[in-house]
Amino acid sequence: MMRSIVHIPMMALLLSPLGPAAHAFSIPDPVQTVDAGDETPESRGVARTLVVAHLVDWARANRDPAALLIAARMLAEVPMRAGPDGDAGLEPVLTPYALREEAAALGDARLELDDTVVTGSRLRSVQPPAEAVEPPPPPITAPAPPPRPITPPPPPAVPMPISPPAPIAGVVASPFGVGPISTVKRLNSRETWSFVVDARGAQLLRVAAIGDGDTNIDLIVRDERGQILCADGFDDHYPSCTLKPPAATRLRVNVVNRGDVWTKVQILSN
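Dropping the structure here:
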């Protein structure tokens, strides 16, 4: 039986040469560490997205557009598979395009702030208009030369061979395999959404929930008997759990909105 709480520190993930290894804090068992050899490309994709969530929080707190651009580049390397149970019309909490747009807006705001500090005004200084100068008289033009004789057109040119099509843009091959399964849900205040996972035996399972930041999100994983195997209830909006069941089993995952307002949550699993 496994009982563990998983928390993935951001710096540990950034410094790991073999991919992010989650540290499991058990209840009440001693601390366990997931072997890096148990990672799969898709589980590393879940961990990479968690690193991006931490980095985005830091960038927003420090108003750093460069950090947002780094986060967008990191996230663009991870392909996503849309889950079948997502709410229609909801965009993922984190996308490379949205992060780049946010970085551009934040950069413009910083330029405006810098201009306010230097000039003391939100309006940029305007140079006075130059004095009107009377235009010079038009030059005297010579008479037009007689028309040239019409020459026959040149023979048609031989058509050039068609160039090959441009390569397809985007993630064609990724170290994160086909990517995590991404499901986007809207959770009302204090609402719990649950789903079932058929886990393979002796293989790593990583589940994460990334909220939009309006409320705290909890993540709980139970076995078929209702026994808690993992519970991440830290005061944040990106909980995660990493498990390695000894045999194939069915698990139930609960995602809980602890806040007083609705929130958007992106649930990831490998």
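Each residue of the sequence shown is one higher than the last, beginning at 0 in numbering that gives the first Met the number 0.
Note that the Cβ used here is the ideal one computed from N, Cα and C, for glycine as well.
Other residues of its chain near residue i: CB distance less than 7 Å, five sequence neighbours each side excluded
i, result
"S188", "N256, G258, D259, V260, W261"
"D222", "L228, T248, L250"
"V51", "A70, M73, L74, L93"
"A246", "G200"
"G232", "D217"
"D275", "Past the edges of the chain, shown from 0 to 269, lies residue 275, and the structure says nothing about it."
Reference residue i; option with closest CA among the options
i, options, result
"V305", "P238, L242, T248", "In the structure as shown, the chain begins at 0 and stops at 269. Residue 305 is therefore absent and cannot be evaluated."
"I266", "Q226, K243, L186, A246", "L186"
"V92", "V254, A230, I209", "I209"
"S193", "G225, T214, A201", "G225"
"P244", "V254, H236, V220", "V220"
"E41", "P145, G212, N215, L203", "L203"
"I216", "V195, N253, D197, V196", "N253"
"R62", "D213, D234, A104", "A104"
"G212", "G85, D56, P152", "D56"
CB-CB length for residue i against residue j, believed under 8 Å
i, j, result
"A70", "L54", "5 Å"
"T39", "G176", "7 Å"
"R205", "T241", "5 Å"
"S268", "V195", "The Cβ separation is near 11 Å, so there is no contact."
Counterpart residues of residue i in DSSP-defined beta bridges
i, result
"L204", "L242"
"G44", "In the DSSP output, where bridge partners are listed per residue, G44 has none listed."
"I180", "R80, S268"
"I139", "In DSSP, I139 forms no bridge with anything."
"W192", "V254"
"V220", "C229, V252"
"L186", "T262"
"I209", "Q265"
Sequence-distant residues of its chain with Cβ nearer than 6 Å to residue i (five each side left out)
i, result
"I167", "Residue confidence for I167 is low, a pLDDT of 34 falling below 50, so the modelled location carries little weight; the figure read from the coordinates is stated next. Same-chain partners within the cutoff: there are none."
"L67", "A58, L98, E101, A102"
"G44", "V77, F175, G178, P179"
"T191", "N253, V255"
"A165", "Since pLDDT at A165 reaches only 41, below the 50 mark, its modelled position is unreliable, and the value read off the structure follows with that caveat. Once the five neighbours on either side are set aside, A165 has no close Cβ partner at all."
"A207", "V45, L49, S239, L267"
Short CB-CB distance (under 7 Å) between residue i and chain C
i, result
"G85", "The chain labelled as chain C is not found in the depicted structure, where only one protein chain is given."
Proximal residues to residue i (C-beta, below 8 Å), its chain only, five neighbours per side dropped
i, result
"R147", "none"
The stretch 177-185 touching the stretch 67-83, judged by at least three CB pairs closer than 8 Å
Segments in contact, yes.
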